[in-house]
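Protein chains: 2
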Amino acid sequence: MLTPSAVTQAPHLHRLFNIPPGRKAEASEHATQAGVPMSFGRNAEIYAEGETSGYVYKVVSGVVRVSKLLPDGRRQISAFHMSGEMFGFEANELHHASAEAVVPVKVIAFKWEGVLTMDRQPVNFVREILNLTMLGLRHTQDHLLLLGRKNALERLAAFLLDMNARMGGTPVLDLAMPRHDIADYLGLTLETVSRMFAELKELGMIRLESARRVHLIDKARLKAMGA
Amino acid sequence: MLTPSAVTQAPHLHRLFNIPPGRKAEASEHATQAGVPMSFGRNAEIYAEGETSGYVYKVVSGVVRVSKLLPDGRRQISAFHMSGEMFGFEANELHHASAEAVVPVKVIAFKWEGVLTMDRQPVNFVREILNLTMLGLRHTQDHLLLLGRKNALERLAAFLLDMNARMGGTPVLDLAMPRHDIADYLGLTLETVSRMFAELKELGMIRLESARRVHLIDKARLKAMGA
DNA sequence: CGGGATATTGACTCTTATCAATGCCCGTGG
DNA sequence: CCACGGGCATTGATAAGAGTCAATATCCCG
Numbered sequence: 001m002l003t004p005s006a007v008t009q010a011p012h013l014h015r016l017f018n019i020p021p022g023r024k025a026e027a028s029e030h031a032t033q034a035g036v037p038m039s040f041g042r043n044a045e046i047y048a049e050g051e052t053s054g055y056v057y058k059v060v061s062g063v064v065r066v067s068k069l070l071p072d073g074r075r076q077i078s079a080f081h082m083s084g085e086m087f088g089f090e091a092n093e094l095h096h097a098s099a100e101a102v103v104p105v106k107v108i109a110f111k112w113e114g115v116l117t118m119d120r121q122p123v124n125f126v127r128e129i130l131n132l133t134m135l136g137l138r139h140t141q142d143h144l145l146l147l148g149r150k151n152a153l154e155r156l157a158a159f160l161l162d163m164n165a166r167m168g169g170t171p172v173l174d175l176a177m178p179r180h181d182i183a184d185y186l187g188l189t190l191e192t193v194s195r196m197f198a199e200l201k202e203l204g205m206i207r208l209e210s211a212r213r214v215h216l217i218d219k220a221r222l223k224a225m226g227a
Numbered sequence: 228m229l230t231p232s233a234v235t236q237a238p239h240l241h242r243l244f245n246i247p248p249g250r251k252a253e254a255s256e257h258a259t260q261a262g263v264p265m266s267f268g269r270n271a272e273i274y275a276e277g278e279t280s281g282y283v284y285k286v287v288s289g290v291v292r293v294s295k296l297l298p299d300g301r302r303q304i305s306a307f308h309m310s311g312e313m314f315g316f317e318a319n320e321l322h323h324a325s326a327e328a329v330v331p332v333k334v335i336a337f338k339w340e341g342v343l344t345m346d347r348q349p350v351n352f353v354r355e356i357l358n359l360t361m362l363g364l365r366h367t368q369d370h371l372l373l374l375g376r377k378n379a380l381e382r383l384a385a386f387l388l389d390m391n392a393r394m395g396g397t398p399v400l401d402l403a404m405p406r407h408d409i410a411d412y413l414g415l416t417l418e419t420v421s422r423m424f425a426e427l428k429e430l431g432m433i434r435l436e437s438a439r440r441v442h443l444i445d446k447a448r449l450k451a452m453g454a
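Line order of the protein sequences matches chains A and B.
The opening residue of the first sequence carries number 1 in our numbering; numbering runs sequentially from there.
The opening residue of the second sequence carries number 228 in our numbering; numbering runs sequentially from there.
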């Protein structure tokens, strides 16, 4: 459940996607291969659902949320992406979800064209991207199980463990996102999320230093709970 | 929501994956490129979670369900695959979900090795598989929205429309799977699924010729409902 | 130090789950 | 050909979990 994530780092991609040392990079035509650094403020939109999608992104710092909206405003966040991870892969030329900065974010944007069309890149390269996409698919399938079959407490436990694993596994966890975002990721309301935090605290499994700073006191029991 | 599906057909793959005319094919070592036809009875296991995964599959006939289980038996079906679709893509060498035949199924199995390692295949080929995987990711993300944010009636409406679209769009829909499978796909209980069928009937949007044979009377309203 | 956004807590409602009884359909065998 | 039996589906009564609405409380940030 909630494995390291979607678009996690892969050695090859790190090499291939990193900006050449000394590069300055504005959004110039030349940026095709190297990638263009971009910054986004808190809650700024990186791309929108329905927008034409020409780029894939790698998170340099901050946290990104990818989400879909129903016409009446109900929202489902499908993933949070943290430093080192990539997102924005799309089958067609249109974005099927939107991406926003949860906190101030730096990313590098790569022309998708350049990624797939480059006939000079080793076949390994496309294969590497395929692998990232398959990992993303796996994470999403795990999340289906969470949304379809786990109760509120199990969902929150799984979420905290996933976040923790992805941030290095230290027992103190700093959450970048507000309760509302956690709720929209876990398919709950923010009130329920808050109550589940309280219950995990009651159960002695976590300690809340503040709303965003969580101490994972008993990971073993959290794991048993998150499934 | 619930787009044509996961691993839907793509012209290139049809060419590349089809068995050479006149081929007989047992599970021989030579079958690497051509693919091995296989048959499975109702509810037979095609592969299991945790099993080592050496093949990808293309459905020739029947319907396949891909699912994950929680230790206590709760189940989430992540997708149904129908004729022409492919499934079984895995990031690592282990299957992360299991696949079973909903009804008697014929598939063709292709060695994954052969698919990725073949340096003689055009780069286009890997790219085609990447595209199928991205489509699968999209379908799964749509399903996240369904599980996280839609109510029971909306879920069933979306399900019926998706199935209908994938089976050619005729107003009479033959469901291959029992209520229990629909429930595990939609994150509901079979009783609730049954009640929602009754309610769609009440609303005049469907007619039940039998439990498995559904007439879609008002697709427009179903669409509005399914979101 | 004050104020707005974010989070918690409480009371109550509503949707869906659970438990249980009955009905229906279809294939098999008398 | 009909009756029986077993799996599947429907329907009902009740319970439980999460949602909703509303009133504080807390935390930043200026």
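In this text, a Cβ means the ideal position worked out from N, Cα and C, and glycines have one as well.
For clarity, every value in this text was computed on a predicted model and none was experimentally measured.
What does the Cβ neighbour count give for E340/B, buried or exposed, with the cut at 16 atoms within 10 Å?
By 1-based counting over the second sequence, the position of residue 340/B is 113. Result: exposed.
Determine, using beta-carbon pairs with one atom in the region 51 to 65 of chain A and one in the region 141 to 159 of chain A, whether at least three such pairs fall under 8 Å.
Segments in contact, no.
How would you list, in chain order, the residues of chain A whose beta-carbon sits under 8 Å from the beta-carbon of P405/B?
For the purposes of this step, residue 405/B is taken as the residue at position 178 of the second sequence. Those do not exist, as P405/B stays about 17 Å from chain A at its closest Cβ, beyond 8 Å.
For the alpha helix (DSSP H) containing R382/B, list its first residue and its last residue.
Indexing the second sequence from 1 puts residue 382/B at position 155. Residues 379 to 393.
Along chain A, which residues have their Cβ under 7 Å away from the Cβ of V353/B?
The residue you call residue 353/B lines up with position 126 of the second sequence. Within chain A, the residues near V353/B are V123, V126, R127, L130.
Buried or exposed for N200/B, going by 16 or more other Cβ atoms inside 10 Å?
Here chain B covers residues 228 to 454 and nothing more, so residue 200/B does not appear.
Considering S194/A, what are the terminal residues of the alpha helix (DSSP H) in which it resides?
By 1-based counting over the first sequence, the position of residue 194/A is 194. Note, S194/A: alpha helix (DSSP H), 190 to 202.
What are the boundary residues of the alpha helix (DSSP H) that includes D401/B?
Indexing the second sequence from 1 puts residue 401/B at position 174. First-last for D401/B: 399 to 401, but that is the beta strand (DSSP E), not the alpha helix (DSSP H).
Does the beta carbon of H323/B come closer than 8 Å to any beta carbon on chain A?
Locating residue 323/B in the second sequence gives position 96, where the first residue counts as 1. For H323/B, the answer is yes, since a Cβ of chain A falls inside 8 Å of its Cβ.
Kindly confirm or deny that the region 163 to 177 of chain A and the region 387 to 404 of chain B touch, where touching means at least three C-beta pairs closer than 8 Å.
Flag = no, the region 163 to 177 of chain A and the region 387 to 404 of chain B do not touch.
Please classify S266/B as buried or exposed, where buried requires at least 16 other C-beta atoms within 10 Å of its C-beta.
Residue mapping note: residue 266/B aligns to position 39 of the second sequence, counting from 1. Result: exposed.
For the region 413 to 429 of chain B, which residues have a beta carbon sitting closer than 9 Å to at least one beta carbon of chain A?
Residues passing the 9 Å Cβ filter: L413, G414, L415.
Identify each residue in the region 51 to 66 of chain A for which the Cβ-Cβ distance to at least one residue of chain B is less than 7 Å, and report them in chain order.
Against chain B - using a Cβ distance shorter than 7 Å - the region 51 to 66 of chain A contributes no residues.
Nearest CA to the CA of A447/B: which residue from L417/B, I433/B, R440/B?
Taking the second sequence and counting its residues from 1, the one referred to as residue 447/B is at position 220. Minimum Cα distance to A447/B is reached at I433/B.
What in chain A is Cβ-close to H370/B, meaning under 7 Å?
As a position in the second sequence, residue 370/B is number 143, starting the count at 1. What H370/B touches in chain A: L144.
Look up F87/A in the DSSP assignment and give the residues it is bridged to.
Residue mapping note: residue 87/A aligns to position 87 of the first sequence, counting from 1. DSSP lists Y57/A as partners of F87/A.
Relative to the C-alpha of G84/A, which candidate in D181/A, L145/A, I108/A, E199/A has its C-alpha closest?
Counting from one through the first sequence, the residue named residue 84/A turns up at place 84. Nearest of D181/A, L145/A, I108/A, E199/A to G84/A, Cα basis: I108/A.
How many Å lie between M452/B and I444/B at the Cα?
The residue given as residue 452/B occupies position 225 in the second sequence. The residue given as residue 444/B occupies position 217 in the second sequence. Approximately 14 Å between the Cα atoms of the pair.
If we cut at 8 Å on Cβ distances, does R365/B have a partner in chain A?
Mapped onto the second sequence, residue 365/B falls at position 138. Cβ-Cβ to chain A under 8 Å: yes for R365/B.
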